[in-house]
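Novice: Residue numbers for the sequence shown follow this note's numbering, beginning at 79 and rising by one.
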Amino acid sequence: MSGKLLKEKLKAGKTVYGTMFAHSLDPAIVKWIPEGALDFVIVTPEHTAYDLAEFLPVRHALEARGIACLARTHGRDEADIAKVCDTYDGVVVPYVEDYEEAKRLAAAAVYRPLKGKVLARVLATGQWPNDKTRDFIAAKNADTVFVPMIESVPAVQNLDGICSIPGVDALFVGPGDLTTNMGIPKEYDHPDLIKTLQRIIDTGKKHGVAAGSWFGTPEQAQRTIRQGARFVVYGNDGLLLKQAMENVFPGLK
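1. Return the chain-ordered list of same chain residues with a C-beta closer than 7 Å to the C-beta of I279, the five sequence neighbours on each side being excluded.
2. Where does N219 fall in DSSP's three states?
3. Using the Cβ count rule (16 or more neighbours within 10 Å means buried), how would you classify K284?
4. Taking the beta strand (DSSP E) that R150 belongs to, which residues open and close that run?
5. Quick check on this structure: which residue in W110, E324, A149, I107 has the alpha carbon closest to the alpha carbon of G81?
6. Can you tell me where the alpha helix (DSSP H) with G313 in it begins and where it stops?
7. Using 9 Å as the threshold, is the C-beta distance between H107 and F99 below it?
8. Tell me where the beta strand (DSSP E) around G329 begins and ends.
9. Under the criterion of a Cβ to heavy atom distance below 8 Å, does K195 qualify as lining the ligand FMN?
10. Give the DSSP-derived three-state secondary structure of W292 in the structure shown.
11. Does DSSP classify A73 as helix, strand or coil?
12. Using beta-carbon positions only, say whether V378 and A233 come within less than 9 Å of one another.
13. From T211 to A220, what does the alpha carbon distance come to, in whole angstroms?
14. For D238, does the count of other Cβ atoms within 10 angstroms reach 16, so buried, or fall short, so exposed?
15. Report yes if the C-beta distance between G245 and M227 is below 9 Å; otherwise report no.
16. Go through its chain and collect everything with a Cβ distance to D255's Cβ below 6 Å, but skip five positions before and after it.
17. Nearest to V223 by CA position, among L330, A187, V136, is which residue?
18. In chain order, what residues of the same chain have a beta carbon less than 8 Å from the beta carbon of A184, not counting five sequence neighbours either side?
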């Protein structure tokens with residue numbers, strides 16, 4: 079699935095399913111993904127010493143399997159976002175908290191290669207150099223997926239503004255950071271988190287933007303899917319291996 083197909087599926091109101099690769103650099107791992115299991119993979123070196131460039135062989139192997147590959151940036155630098163979008167099907171940006179920040183970051187993804195004062199004028203007034211430039215930018219970035227991460231209370235409070243920005247394809251909740259910010263660190267079954275997830279999902283739906291979260295157990299994922307989550311990210315390569323071994327080996331001993 080290309081970025082274009084992933085965007086089309088989201089716009090059509092369908093649910094998309096993915097996981098994260100944090101440790102797997104060998105593209106051979108891709109052949110073990112069951113057919114039809116995943117719509118996308120997010121590669122993320124956040125908690126490792128890896129660099130996003132090291133995941134490129136995996137990205138190309140995923141492309142050959144028809145699975146979209148998004149990349150999570152370390153930070154919120156516009157140049158890094160543009161670079162990722164030139165290489166992957168889209169970008170996942172951490173800790174986006176307000177309208178102005180989200181607008182700036184989305185522009186780095188979906189207005190490439192426009193930048194500087196001309197980009198600032200387009201964002202502020204909608205005034206393009208000419209129609210040819212506007213059409214070129216729209217065509218160049220039509221397949222780019224942009225996903226801001228919702229990881230704080232201020233982000234939740236500013237959801238309407240974030241969702242209103244052209245180019246935002248989905249909202250992705252980072253529950254570890256969000257629960258810590260809420261004062262209930264990693265309490266993923268806490269009623270306050272469940273209520274907040276519903277608010278995020280409902281706000282996204284109002285604006286035609288899919289919303290979802292990272293999940294570490296099937297029960298958490300199923301509950302939030304019932305709430306209306308359409309951007310479903312389950313585990314990562316390490317967690318999936320751990321859970322598979324936990325399910326098998328105790329019964330063998």
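We treat Cβ as the ideally placed atom computed from N, Cα and C, and that holds for glycine.
The structure presented is a predicted model; accordingly, all values stated were derived computationally and were not measured.
Specialist: Quick look at the numbers:
1. Here residue 279 refers to the residue found at position 201 of the sequence shown. The residues are A289, Q305, G306, A307.
2. Against the sequence shown, residue 219 aligns to sequence position 141. If DSSP states are grouped into helix, strand and coil, N219 belongs with coil.
3. Within the sequence shown, the letter at position 206 stands for residue 284. Classification of K284: exposed, given that the 10 Å Cβ count is below 16.
4. Within the sequence shown, the letter at position 72 stands for residue 150. 146-150 is the extent of the beta strand (DSSP E) around R150.
5. As a working note, residue 81 is residue 3 in the sequence shown. Answer by Cα proximity: A149.
6. As a working note, residue 313 is residue 235 in the sequence shown. Counting along the chain, G313 falls outside any alpha helix (DSSP H), though it belongs to the beta strand (DSSP E) covering 309-314.
7. Stepping through the sequence shown from its first residue, residue 107 is reached at position 29. Stepping through the sequence shown from its first residue, residue 99 is reached at position 21. Here residue 107 is Ile; the residue named in the question, His, does not match the sequence. Yes, the Cβ-Cβ distance between I107 and F99 is below 9 Å.
8. Within the sequence shown, numbered from 1, the residue matching residue 329 stands at position 251. Looking at the DSSP string, G329 is not in any beta strand (DSSP E), and its letter there is neither H nor E.
9. For the ligand FMN, the structure offers nothing, since it holds no ligand at all.
10. Here residue 292 corresponds to residue number 214 of the sequence shown, with the count starting at 1. Strand, per DSSP.
11. The structure shown does not extend to residue 73, since the chain spans only 79 to 331, so no value can be given for it.
12. Only positions 79 to 331 of the chain appear in the structure, and residue 378 is not among them; the question remains open.
13. Position 133 of the sequence shown, counted from the first residue, corresponds to residue 211. Position 142 of the sequence shown, counted from the first residue, corresponds to residue 220. One C-alpha to the other measures close to 14 Å.
14. Counting from one through the sequence shown, the residue named residue 238 turns up at place 160. Exposed: under 16 other Cβ atoms inside 10 Å.
15. Start at 1 with the first residue of the sequence shown, and residue 245 comes out as number 167. Start at 1 with the first residue of the sequence shown, and residue 227 comes out as number 149. Cβ atoms of G245 and M227: not closer than 9 Å.
16. Looking up residue 255 in the sequence shown gives position 177. Result list for D255: E229, in chain order.
17. Walking along the sequence shown from the start, residue 223 turns up at place 145. Nearest option by C-alpha distance: A187.
18. Residue mapping note: residue 184 aligns to position 106 of the sequence shown, counting from 1. Here the set comprises F224, P226, I243, P244, G245, V246.
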